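Quick note: the sequence shown uses my numbering, first residue 3, plus one each step.
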Amino acid sequence: MPIRDVIIDCDTGVDDALALLLALRHPELNVVGITTVAGNVTLDRVVPNTLKVVEHAGRTTPVYAGAAASLLGTTETAELIHGSDGLGDLGYPEAAARAHPQTAVDFLIETYLNAPNPPHLVTLAPLTNIALMLQRVPALADRIPSITMMGGGVTAGNHSAAAEFNIAIDPEAADIVFRSSIPKFLVPLEPNDAGGAIYEADVERIQATGMPWNNLAAALLRSQIAMWSMLTGTPSPASPPDLAAMALFIDPTLGNGAKYQTAVELKGEHTRGMTVVDRRWYRHMAGAPEDNVFVYTELNNARYRGMVVSILGGN
């Protein structure tokens with residue numbers, strides 16, 4: 003397959019780091035830049051975490067600092083899942099590189115205004131940077147060939163009963179992106195629960211080669227296995243949602259889904275941040291708006307694990 007250019011927008015916690023490693027080491031992707039945003043941890047931790055991952059991947063991809071808060075100026079984090087430093091408190095030293103001086107939003111605008119073949123966009127985080135870009139230059143929506151987003155849930159949330167974390171902590175930004183003309187692909191929580199498991203046996207195979215990216219990936223996955231096993235009280239696999247989203251961007255045939263009318267709830271007392279996916283078979287007869295988002299609902303676990311082990315365990 004031809005090599006595809008991509009920009010990755012992330013809030014680097016454990017699952018973002020795994021997704022970044024998969025993208026940076028995959029031979030069919032050229033990651034032209036990584037934009038960062040507050041989310042899993044605060045921005046002052048997200049940026050150095052991202053630089054650490056790039057260094058361990060053996061790459062020099064530029065990293066850009068983005069929004070430190072939601073469009074409404076709020077911040078919420080998820081240290082319970084990602085550790086106080088966002089990378090599982092594994093103690094990795096600071097990277098030698100530093101973030102690019104240009105801001106994330108300026109980089110996005112410049113790239114999508116001027117690139118002769120604009121890159122695809124993969125978002126693993128709250129959509130604040132993307133919304134800020136579209137607010138400043140709305141016409142860029144027609145310059146982005148696709149956006150693959152980890153976010154939302156079809157049947158339930160994780161930040162609340164109804165809302166998934168990435169959408170819930172900046173629903174206004176998500177609403178702007180979902181209503182845009184960008185071709186949209188959503189990887190909600192469902193594929194992660196239906197095929198997204200990574201097991202200890204996979205981790206052992208990933209670590210066997212002993213390269214820096216192998217060792218980092220294995221350590222991160224083991225931190226997730228330990229965390230989920232502790233929280234559930236029973237041995238549990240890792241299931242990093244951002245890793246699943248990146249795999250589906252790389253190879254959409256790994257999953258199944260369909261295109262639906264999908265909106266973001268902004269006002270509900272119990273449902274703020276919910277992704278409302280209209281799956282009624284008669285929705286068009288009922289006057290529903292046109293389907294606007296391809297929503298993945300399941301993942302082929304064997305093929306997914308095969309990709310992850312092959313790339314993260316490669317030399």
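By construction, the Cβ of each residue, glycine as well, lies at the ideal position given by its N, Cα and C atoms. Treat the numbers as computed from the prediction; the structure is a model and nothing was measured.
Check	Outcome
Considering only residues of the segment 174–255, which uninterrupted alpha helix (DSSP H) runs meet the minimum length of 4 residues and lie entirely inside it, listed in chain order?	191–195, 202–209, 214–234, 243–252
State the Cα-Cα distance for the pair tyrosine 94 and glycine 15, rounded to the nearest angstrom.	13 Å
State buried or exposed for lysine 54, treating a residue as buried only when at least 16 other CB atoms are found within 10 Å of its CB.	buried
Please state the DSSP three-state secondary structure of glycine 41.	coil
Within the chosen definition, does the segment 114–121 reach the segment 63–76 through at least 3 CB pairs nearer than 8 Å?	no
One question on the structure: do alanine 199 and isoleucine 208 come within less than 8 Å of each other, judged by their Cβ atoms?	no
Report all residues from its chain with a CB closer than 7 Å to the CB of methionine 232; omit the five preceding and five following residues, and keep chain order.	none
If you drop the 5 nearest sequence neighbours on each side, which residues of the same chain put their C-beta closer than 8 Å to that of asparagine 160?	Glu166, Phe167, Leu191
Given this structure, state the Cα-to-Cα distance separating alanine 170 from threonine 62, to the nearest angstrom.	32 Å
Report the residue ranges of all beta strand (DSSP E) runs contained in full by the segment 4–41; include only those spanning at least 3 residues, in chain order.	6–12, 31–38
Please classify asparagine 51 as buried or exposed, where buried requires at least 16 neighbouring CB atoms within 10 angstroms.	buried
I'd like to know whether the C-beta atoms of leucine 126 and isoleucine 149 end up nearer to each other than 8 Å.	no
Rounded to the nearest angstrom, how far is the Cβ of tyrosine 306 from that of glycine 197, given a contact under 8 Å?	6 Å
Apart from the five residues on each side of it in sequence, which residues of its chain come closer than 7 Å, Cβ to Cβ, to glycine 259?	Phe296, Val297, Tyr298, Thr299
For isoleucine 149, which of helix, strand or coil comes out of DSSP?	strand
Skipping 5 residues on each side, what residues in its chain have a beta carbon closer than 6 Å to that of alanine 265?	Val278
Closest to glycine 153 by C-alpha separation, out of Met248, Val56, Glu112, would be which residue?	Met248
If we ignore side chains and look at the alpha-carbon of each, how far apart do alanine 27 and isoleucine 10 end up?	The displayed chain sequence assigns arginine, not alanine, to residue 27. Distance between the alpha carbons of arginine 27 and isoleucine 10 is about 14 Å.
Between serine 182 and leucine 136, how many whole angstroms is the CB-CB distance? I'm expecting something under 8 Å.	6 Å
Spell out the partners DSSP gives aspartate 280 in its beta bridges.	Gln263
Alpha carbon to alpha carbon, what distance is there between glycine 88 and lysine 261?	33 Å
Ignoring anything shorter than 4 residues or poking outside the segment 65–94, list the alpha helix (DSSP H) runs there in chain order.	81–84
Counting along the chain, where does the beta strand (DSSP E) carrying valine 295 start and finish?	295–301
Since leucine 123 is in the alpha helix (DSSP H), which residue starts that stretch and which ends it?	Not the alpha helix (DSSP H): leucine 123 falls in the beta strand (DSSP E), residues 122–125.
Please report the residue range of the alpha helix (DSSP H) in which leucine 268 lies.	Neither: leucine 268 is in no alpha helix (DSSP H) and is coded neither H nor E.
Does DSSP put histidine 102 in a helix, in a strand, or in coil?	strand
So what does DSSP say about asparagine 160, is it helix, strand or coil?	coil
Start and end of the alpha helix (DSSP H) containing leucine 136?	130–138
Going straight from the alpha carbon of aspartate 108 to that of serine 225, what length do you get?	35 Å
Looking at the structure shown, is asparagine 168 part of a helix, part of a strand, or coil, going by DSSP?	helix
With a CB to CB cut of under 6 Å and the five nearest residues on each side skipped, what residues in its chain are close to leucine 134?	Val107
Does DSSP put asparagine 116 in a helix, in a strand, or in coil?	helix
For glutamate 267, which option in Ala210, Val65, Ile83, Ile178 has the closest C-alpha, if you only look at C-alpha atoms?	Ile178
Considering only DSSP beta bridges, list what asparagine 258 is partnered with.	Glu300
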